[in-house]
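To convert, note that position 10 of the sequence shown is 14 in our numbering; the numbers rise steadily by one, no gaps.
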Amino acid sequence: MVLTRMGLRFGGRMFPCSIGKGGIVTDKREGDGATPRGIHRIVGMLYRPDRMGRPNGWAMPIGPRDLWSDDVRDPAYNHQVRAPHGFSHEHLRRSDPLYDLILLTDWNWPDARPGQGSAIFMHQWRRPGYPTEGCIALRRDHLRLIAGQIAEGTRLIVP
């Protein structure tokens, strides 16, 4: 997969997508709203089993207590954690559909450096052109199509 100015190129097709409101940066920082430049790997896939079928054989269900740590003080920073969790975090099981399907990237993972950015995912967009907090977001059906065709370790190139 390659992010271009026209969208995300994958499998000979171009998919419209949204990126971080802070643009694409080389020096990613927690909270900057930017999408990190680099060659990333897809290291996991999470989905809401109450909202969709398993998109790929290696996808893991998102449960009600699943969270993602975004607190630089947390020893589990930029890792999936479970509630209750005493540090700042994102809920992976949201009321809106944004995280119904998440492709996890290896940005600042598994050996997270505090402050270098967390939770850089590929997920569903709010609407066309609406920026993210640093993730790459796609239309639901496009995300599902991509999720059904990739393998763990698939490269995501952000030039």
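Ideal Cβ positions, reconstructed from N, Cα and C, are used throughout, including at glycine.
Going by DSSP in three states, Q84 sits in which element: helix, strand or coil?
The residue given as residue 84 occupies position 80 in the sequence shown. Strand.
Based on Cα-Cα distance, which residue from D100, P20, M5 lies nearest to L142?
As a position in the sequence shown, residue 142 is number 138, starting the count at 1. The option with the nearest alpha carbon to L142 is P20.
Look at Y51 and I66 and say whether their C-beta atoms are less than 8 Å apart.
Numbered from 1 along the sequence shown, position 47 holds the residue referred to as residue 51. Numbered from 1 along the sequence shown, position 62 holds the residue referred to as residue 66. Against a cut-off of 8 Å, the Cβ pair of I66 and Y51 comes out as a contact.
Opposite M56 in the DSSP bridges: which residues?
Reading the sequence shown from its first residue, position 52 is the one you call residue 56. M56 pairs with nothing; no bridge assigned.
Secondary structure at H89, three-state DSSP: helix, strand or coil?
In the sequence shown, residue 89 corresponds to position 85, counting from 1. Correct three-state label for H89: coil.
Closer than 6 Å by C-beta to E137: which residues in its own chain qualify, once you throw out the five before and the five after it? Chain order, please.
The count along the sequence shown starts at 1 and reaches residue 137 at position 133. Only G37 meet the Cβ criterion.
Distance check for R159 and D115, CA to CA, integer angstroms please.
Against the sequence shown, residue 115 aligns to sequence position 111. Against the sequence shown, residue 159 aligns to sequence position 155. Distance between the alpha carbons of D115 and R159 is about 19 Å.
Do Y103 and H83 count as a contact pair if the criterion is CB distance below 8 Å?
Within the sequence shown, numbered from 1, the residue matching residue 83 stands at position 79. Within the sequence shown, numbered from 1, the residue matching residue 103 stands at position 99. Against a cut-off of 8 Å, the Cβ pair of Y103 and H83 comes out as no contact.
Spatial neighbours of M64 within its chain, please: CB distance less than 6 Å, with the 5 preceding and 5 following residues excluded, ordered by chain position.
Here residue 64 refers to the residue found at position 60 of the sequence shown. These residues qualify, in order along the chain: L50.
In this structure, does DSSP put L167 in helix, strand or coil?
Any question about residue 167 goes unanswered here, given that the chain covers just 5 to 163.
Could you check whether the Cβ of W129 sits closer than 8 Å to any Cβ belonging to chain C?
Structure shown: chain C not included; a single protein chain is present.
Quick one: grab the DSSP three-state call for Q120.
Working through the sequence shown from its first residue, we reach residue 120 at position 116. Note: Q120 maps to coil in three-state DSSP.
Taking buried to mean at least 16 other C-beta atoms within 10 Å of its own C-beta, is W62 buried or exposed?
In the sequence shown, residue 62 corresponds to position 58, counting from 1. Counting Cβ neighbours within 10 Å, W62 comes out exposed, since fewer than 16 surround it.
Between which two residues does the beta strand (DSSP E) carrying A141 extend?
One-based indexing of the sequence shown puts residue 141 at position 137. Where A141 is concerned, the enclosing beta strand (DSSP E) stretches over 140-142.
With 16 as the cutoff for other CB atoms within 10 Å, does S22 come out buried or exposed?
For the purposes of this step, residue 22 is identified with residue 18 of the sequence shown, where counting begins at 1. Buried, by the Cβ-count rule.
Among R69, R77, G133, which residue has its Cα nearest to the Cα of E94?
Walking along the sequence shown from the start, residue 94 turns up at place 90. Nearest of R69, R77, G133 to E94, Cα basis: R69.
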